[in-house]
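Colleague:
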Amino acid sequence: MDESVDVLCERQGEAGLITLNRPKALNALTLGMVREMRRALDSWAQDPAVTRVVVQGAGEKAFCAGGDIRQLTEDLKAGRREDALAFWREEYQLNIAIKRYPKPYVSLIDGICMGGGVGVSLHGTHRVAGNRYLFAMPEVGIGFFPDVGATYALPRLPGRTGMYLALTGDRVKREDALMLGLATHAVPSGDIPGLRDALIAGDRVEAALSRVATDPGPGPLEDERETIDSCFSGASVAEILARLDRAAAGGSAFAAQAASGMRTKSPTSLNLAFEQVRRGAAVDFEEAMRTEFRIVSRIGDGHDFFEGVRAVLIDKDNRPGWQPSSLDQVDEAMIERHFASLGERDLEVA
Numbered sequence: 067m068d069e070s071v072d073v074l075c076e077r078q079g080e081a082g083l084i085t086l087n088r089p090k091a092l093n094a095l096t097l098g099m100v101r102e103m104r105r106a107l108d109s110w111a112q113d114p115a116v117t118r119v120v121v122q123g124a125g126e127k128a129f130c131a132g133g134d135i136r137q138l139t140e141d142l143k144a145g146r147r148e149d150a151l152a153f154w155r156e157e158y159q160l161n162i163a164i165k166r167y168p169k170p171y172v173s174l175i176d177g178i179c180m181g182g183g184v185g186v187s188l189h190g191t192h193r194v195a196g197n198r199y200l201f202a203m204p205e206v207g208i209g210f211f212p213d214v215g216a217t218y219a220l221p222r223l224p225g226r227t228g229m230y231l232a233l234t235g236d237r238v239k240r241e242d243a244l245m246l247g248l249a250t251h252a253v254p255s256g257d258i259p260g261l262r263d264a265l266i267a268g269d270r271v272e273a274a275l276s277r278v279a280t281d282p283g284p285g286p287l288e289d290e291r292e293t294i295d296s297c298f299s300g301a302s303v304a305e306i307l308a309r310l311d312r313a314a315a316g317g318s319a320f321a322a323q324a325a326s327g328m329r330t331k332s333p334t335s336l337n338l339a340f341e342q343v344r345r346g347a348a349v350d351f352e353e354a355m356r357t358e359f360r361i362v363s364r365i366g367d368g369h370d371f372f373e374g375v376r377a378v379l380i381d382k383d384n385r386p387g388w389q390p391s392s393l394d395q396v397d398e399a400m401i402e403r404h405f406a407s408l409g410e411r412d413l414e415v416a
């Protein structure tokens, strides 16, 4: 495999095969990778010899850990706002192309799948979880917000599990991913190369998957569904925390951990994520992506995104100084402004 190429897009047999090829960077997405994937997908959609798309990540640690957030914050700090917005604009348009794709789109996820990695897998038709599968949307912990289609996808998960994932950033392994619908199939890691070969050879997608899919059994979230649904149906972030505190006082270790984790996140991001999930239940996918571009176009005007990246990804002291520092100080009008139309700068979804 050519290590100098960040993403490999090639036709093999009946498959358009995409390999995210930055294993040392956990296959984090760059604008160049987004553009190459879009070019390949558009070409393969019109090619009758390509009957399915298969996406994989190089290395054993990650499918894709997200976008190249450090580069994006550097662009914003240096006043290169249009460079950063170009990445998000084209990434979100890629997410729409995947959601609309006319052929089976199979993601082989055997490792970390977060942020941008969710965007290039979750909206496809088939999401295969290997033994190392690990999903999260941890953006509220860096002063950002769950994007790449989370506004649409999270409200459509069972019960209030989408709100739970948005506000806690908790990690999900494959057992719970199947229960939630984040993954469509569980396949042992050792069987994934054979599955890929079968898909390349042109075997029917469903038949190839059914030969190797297994039932991994219930995950830990199965027993917490009632707590999640009762607590995360609160009418505000503050009410959700109050419900979690009551459940914790009643003996729920899960609720105590969820509340403790949320209190370390950006209060602004928590409110943005809450509004995303609340509003997202009533919009179609394209409107959800347009909403996310409105938010991301304004996220660089604030403080918390830069501070979160500093604390978590750069200095790694994990001591972010959020501004404001508490939920009761968050200005509702400021949150509302993030969702307002950008006019002619709104995301083009045609």
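Counting from 67, one number per residue, gives the positions in the sequence shown under this note's numbering.
All residues carry an ideal CB built from backbone N, CA and C; glycine is no exception.
(1) Would you call the CB atoms of residue 175 and residue 129 closer than 8 Å?
(2) Could you give the distance in angstroms between the alpha-carbon of residue 379 and the alpha-carbon of residue 293?
(3) Of all Cβ atoms in chain D, is any one closer than 8 Å to the Cβ of residue 321?
(4) Can you tell me where the alpha helix (DSSP H) with residue 218 in it begins and where it stops?
(5) What is the DSSP secondary structure of residue 173, counted as helix, strand or coil?
(6) Roughly how many whole angstroms lie between the Cα atoms of residue 165 and residue 190?
(7) For residue 255, I'd like the list of residues in its chain whose CB is within less than 8 Å of its CB, leaving aside the five on either flank, ordered along the chain.
(8) Cα separation between residue 323 and residue 310?
(9) Would you list the one or two residues that DSSP bridges to residue 180?
(10) Near residue 216, which residues of its chain fall below 6 Å by C-beta distance, leaving aside the five closest residues on each side in sequence?
(11) Please state the DSSP three-state secondary structure of residue 414.
(12) Note down the Cα distance separating residue 238 from residue 408, rounded to an integer number of angstroms.
(13) In three-state DSSP terms, what is residue 320?
(14) Measuring CB to CB, does residue 186 end up less than 8 Å from residue 116?
(15) Quick check: residue 96 and residue 371, are their CB atoms within less than 8 Å of each other?
(16) How about the segment 229 to 245 and the segment 282 to 292: do they share at least three Cβ pairs that are nearer than 8 Å?
(17) Mark residue 383 as exposed unless 16 or more other C-beta atoms lie within 10 angstroms of its C-beta, in which case mark it buried.
(18) Contact between the segment 215 to 233 and the segment 344 to 354 is defined here as three or more beta-carbon pairs at a separation below 8 Å; is this criterion met?
(19) How should residue 72 be labelled, buried or exposed, when 16 other C-beta atoms within 10 angstroms of its C-beta is the threshold for buried?
(20) Just reading off the alpha helix (DSSP H) that residue 146 is part of, what are its end residues?
(21) For my contact list, residue 180 and residue 132 are in at a C-beta cut-off of 8 Å; report their separation, rounded to the angstrom.
(22) Only counting runs of 3 or more residues, tell me where the beta strand (DSSP E) segments fall wholly within the segment 271 to 313, in order along the chain.
(23) Please state the DSSP three-state secondary structure of residue 137.
(24) To the nearest whole angstrom, what separates the beta carbons of residue 417 and residue 334, a pair I think is in contact under 8 Å?
(25) Please report how far the alpha carbon of residue 206 lies from the alpha carbon of residue 264, in whole angstroms.
(26) Could you tell me the boundaries of the beta strand (DSSP E) in which residue 115 lies?
(27) Below 8 Å on the Cβ atoms is my guess for residue 358 versus residue 213; work out the distance and round it to an integer in Å.
Modeller: If we stick to the structure as given:
(1) yes
(2) 32 Å
(3) Protein chains in the displayed structure number just one, and chain D is not present.
(4) Per DSSP, residue 218 belongs to the alpha helix (DSSP H) from 216 to 219.
(5) strand
(6) Straight through space, the alpha carbons of residue 190 and residue 165 are spaced by roughly 6 Å.
(7) 176, 196, 197, 198
(8) Computed Cα separation, rounded: 9 Å.
(9) Answer is 202.
(10) 203
(11) coil
(12) When rounded, the distance between both Cα atoms is 34 Å.
(13) Correct three-state label for residue 320: helix.
(14) no
(15) Residue 371 sits away from residue 96, with the two beta carbons spaced by 8 Å or more.
(16) yes
(17) exposed
(18) yes
(19) buried
(20) Neither: residue 146 is in no alpha helix (DSSP H) and is coded neither H nor E.
(21) Taking C-beta atoms under 8 Å as the contact rule, residue 180 and residue 132 qualify, at a distance of about 5 Å.
(22) none
(23) helix
(24) This structure leaves residue 417 out entirely; the chain is present only between 67 and 416.
(25) Going from the Cα of residue 206 to the Cα of residue 264 covers about 39 Å.
(26) From DSSP, residue 115 is part of no beta strand (DSSP E); its letter is neither H nor E.
(27) 5 Å
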